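To keep things clear, I will list the structure first and then write my remarks on it.
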Amino acid sequence: MAGITNANFVMKLIPFGFDMVTLGGYNTDSQTVAAGKKILSRGRSEFDIAKDDLINTIEKETNLIKNKYNVKVSANLRAISPDPIIEISKIKLLDIVEVNCHCRQKEILDIGCGQSILEDTDFLINYIKNIVKKSKSQVSVKIRANVEGIDTLKVAKIIDNLSVDYLHIDAMKPGFNYADLDIISKIASETDTFLIGNNSIRDIEDINAMINNGADGVSIARAAINGKINFNLKQV
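Under numbering that gives the first Met the number 0, the first residue of the sequence shown carries the number 0, and numbering increases by one thereafter.
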């Protein structure tokens, strides 16, 4: 959640049983930083960090977490090219760089970033392949399901074939307030990458439903917006 998930936020949640936390989403280059400022100007939460300060910022945030907790730390990153993501992957204690093919804010889409990356298969392949080849950390790719004009299963299979470490699916079901478990099940049956299921997880039952449909893990965002959840993942 851009503008929200920093070290202080996620450290409130780790005691509820999380073994991985994600910082960001962060804007990593001049184009995404400029887009972020436009998003901020209309009142939406957004991290406003200068491009030249970003690596130091992520390193400090990562170290804050690692000095206190034994969890994996990921950074969700928006970028129009692989280069800044590869540079950020060199941060010593950062375990995972997560490629943001998920954001649907107009300002991000207008520069060919976020979920718009999914529209060009050749670009997507070259983009992810370059990051996987050169990254010093593990690589996750987060995509949104059921984007108009995009075959979610086809895209997931393409990413699966690129040797990423995690495939993070926001199983959004437009018009409904619950996750599309059918797409999770289809992806799980046709891919081998560690599958993280996301969307509308509010309780243990939602977690079990995601896992029972093939997800290897789950991620929680909006349900934790107040820095707490009403259940403990250790119960799962």
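Idealized CB from N, CA, C, for every residue including glycine.
Since we're looking at a predicted model, the values are computed, not measured.
Over the uninterrupted alpha helix (DSSP H) stretch that includes residue i, give me the two end residues.
i: M19; result: Here M19 belongs to no alpha helix (DSSP H); instead the beta strand (DSSP E) covers M19 to N26.
i: N62; result: L53 to K65
i: V131; result: T120 to K133
i: K185; result: L180 to E189
Pick helix, strand or coil for residue i, following the three-state DSSP scheme.
i: Q104; result: coil
i: T4; result: strand
i: S199; result: coil
i: N99; result: strand
i: V9; result: helix
i: K233; result: helix
For a quick check, are the C-beta atoms of residue i and residue j less than 9 Å apart?
i: V146; j: Q104; result: no
i: V70; j: I13; result: yes
i: L166; j: F193; result: yes
i: G216; j: M0; result: no
i: P83; j: K133; result: no
Taking residue i as the reference, which of the options has the closest Cα?
i: G23; options: S44, K11 and I13; result: S44
i: A170; options: L161, S184, D164 and A144; result: A144
i: I3; options: I224, I210 and S40; result: I224
i: H101; options: N212, L117, L93 and D109; result: L117
i: T61; options: F15, D94 and K227; result: D94
i: I48; options: K133, N26 and I149; result: N26
Closer than 9 Å, CB to CB, is residue i near chain C or not?
i: I85; result: Structure shown: chain C not included; a single protein chain is present.
Could you give the residue range of the beta strand (DSSP E) that holds residue i?
i: M163; result: Met is not the amino acid found at residue 163; the sequence shown has Val there. No beta strand (DSSP E) contains V163, which DSSP labels as neither H nor E.
i: K71; result: K71 to R77
i: S40; result: Premise fails: S40 lies in the alpha helix (DSSP H), S29 to S40, not in any beta strand (DSSP E).
i: I90; result: That residue, I90, is in no beta strand (DSSP E); it is neither H nor E in DSSP.
Quick check: does the Cβ of residue i come within less than 8 Å of any heavy atom belonging to the ligand FMN?
i: G213; result: In terms of ligand content, the structure shown is empty, and the ligand FMN therefore cannot be addressed.
Checklist entry - Is the region 174–181 touching the region 225–234 in the sense that three or more CB pairs, one from each, lie closer than 8 Å? => result Put simply, the region 225–234 does not touch the region 174–181. Fewer than three CB pairs are less than 8 Å apart.
Item to check | the region 23–42 / the region 50–58 touching (three or more Cβ pairs under 8 Å) | outcome: Yes: at least three Cβ pairs fall under 8 Å.
Checklist entry - Given 8 Å as the limit, is there contact between the region 6–13 and the region 76–92, that is, 3 or more CB pairs closer than that? => result Not touching, per the Cβ criterion.
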